[in-house]
Each structure stands twice: as C-alpha cells, then as structure tokens.
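Reading through the structure tokens given below for one structure.
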Amino acid sequence: MVKRSGCDISNAKITGFPTSFAAPSLKPSFAAVAIGVQNYTCGSTGTYTNVGAVAELFDISCLYGSSAFDTIQDAAIDIWKIAPPIFPAQEVIAILHSTNTPAVLGQHYYVTNPLTGQGVNPKWDFTSQGANAGNSNAFVVAAKVTGVSAPTGSQDIDWVDLKALTGSLAQEVYRTDTREGQPPASCTPGSPMISVKYAAKY
Numbered sequence: 001m002v003k004r005s006g007c008d009i010s011n012a013k014i015t016g017f018p019t020s021f022a023a024p025s026l027k028p029s030f031a032a033v034a035i036g037v038q039n040y041t042c043g044s045t046g047t048y049t050n051v052g053a054v055a056e057l058f059d060i061s062c063l064y065g066s067s068a069f070d071t072i073q074d075a076a077i078d079i080w081k082i083a084p085p086i087f088p089a090q091e092v093i094a095i096l097h098s099t100n101t102p103a104v105l106g107q108h109y110y111v112t113n114p115l116t117g118q119g120v121n122p123k124w125d126f127t128s129q130g131a132n133a134g135n136s137n138a139f140v141v142a143a144k145v146t147g148v149s150a151p152t153g154s155q156d157i158d159w160v161d162l163k164a165l166t167g168s169l170a171q172e173v174y175r176t177d178t179r180e181g182q183p184p185a186s187c188t189p190g191s192p193m194i195s196v197k198y199a200a201k202y
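Numbering (the UniProt record's numbering), first residue to last: 1 to 202.
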C-alpha cells in the first residue's frame, strides 16, 4: 500500500518564499494542507478585523515532489468553497484522495497569548492525532515575524512566517500557498462575526 502519512521530509527544499521572509534555519518536520475558516469581527469603523482561525491540518508529506503537492491547496479550496455548511473538512480531503486519504495531523486554532495573557496567538495542536496522540507537548503557539500579501491576489490571506512561543512541536512555522480567507471590504458596525473559508499550506 502506498504510504499516506509520516514521510520523511527533512531533506525537502523549501522554495518560493518572499524575500522578506527569513530563510528557514531548521529542516522541515511536517508539511500540511489546512482546510478551515478565518474568523472576523466588524469594528466601529465598518471594517473587519481578524480574530482567529479554525482549521484541520492534513499530512501532505508523502505528496512532496509530486504535482499534487504543488496544487493541493487549489483543489482543496475549489471543493471547500462549494461544500454545504455541514460538510466537514475531512470529506474534502477524502474526495481529493479517494484511494489514499492523507491522515489528520492535528488542529489549528487561536488561544490567549501564553506569555502575556493578553491578545490571541495561533496554535498548531497535534496532541490528539496520529503519531503524537497523547503527547501533551506536541503543539506550538507562535507569534508572527513577517507577513506579506499573497502573490496570487487580494482575495487570498497573507503568507506569514512565525516563531514559537511555547510548545515543542516546532520552532518555526510558515503559512504559504494561501487560497481565499479574506473578508468583505466593509461591514455594518455591530454585525455578527463571520467565518470565511480558506485553504493554505503550513
């Protein structure tokens, strides 16, 4: 059977980073495609502010070196955008890879900053899935170092590089190859929070 997760990517070459990003100082440990939502609230000025994200992270390490690795975020968002509200991210991945479904690595969401107790920071949590299940330290909470506009257009959320604050899962995290996730340009103050579907590589 073709291996579907847990492939060694320590020698993978990470290319295509914006020049403003610091070059990775470590070898890659994980490669994931995220399928989820970016969350926004409407401020008093009538513009949206990002307040976090929720996503499932799927292992794409075994796709490295194939054309599927290069384009999986495009295929994922195409299906995710037209999926009904009750359609889980796992089903999107199952459709994309019906005979070799990648494993779930973990979840991505936001938590209160663990160092200051104020504001929120992104967390990648692998404590309940796969090889890291049960390992309470298999997570990373990180802070953004640099963010740049997506080269694919204003409809896509920024590419970012981040450094770890706590957790032992990783010391560096990169979000690239983003698709969708941006809110409307304006909103009515007091309107409810919105969730905008997105896909990306981490």
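Cβ coordinates follow ideal geometry from the N, Cα and C atoms, glycine included.
Please report how far the alpha carbon of residue 20 lies from the alpha carbon of residue 168, in whole angstroms. 26 Å
Thinking residue 28 and residue 10 are a contact (beta carbons under 8 Å), I'd like their distance in whole angstroms, please. 7 Å
Start and end residues, alpha helix (DSSP H) containing residue 67: 67-82
Is residue 36 helix, strand or coil by DSSP? strand
Measure the alpha-carbon distance for residue 41 versus residue 194 and round it to whole angstroms. 7 Å
CA-CA distance, residue 37 and residue 91? 15 Å
Touching by the beta-carbon criterion (3+ pairs, under 8 Å), the region 160-177 and the region 111-123: yes
Tell me the residue span of the beta strand (DSSP E) that contains residue 110. 104-112
Cβ contact check for the region 124-132 and the region 176-184: 3 or more pairs under 8 Å: no
For residue 173, which residues of its own chain have a beta-carbon under 7 Å away from its beta-carbon, when the five flanking residues on both sides are left out? 124, 140, 142, 162, 202
Could you tell me the alpha carbon to alpha carbon distance between residue 160 and residue 69, rounded to whole angstroms? 19 Å
Could you tell me which of 46, 181, 81 sits nearest to residue 189, measuring between CA atoms? 46
Buried versus exposed, by CB contacts within 10 Å (16 or more), residue 26: exposed
Where do the ends of the beta strand (DSSP E) carrying residue 179 lie? 172-180
Proximity to residue 187 [Cα-Cα], best of 44, 74, 16: 44
Under a Cβ-count criterion, where at least 16 other Cβ atoms within 10 Å of its own Cβ denotes burial, should residue 82 be classed as buried or exposed? exposed
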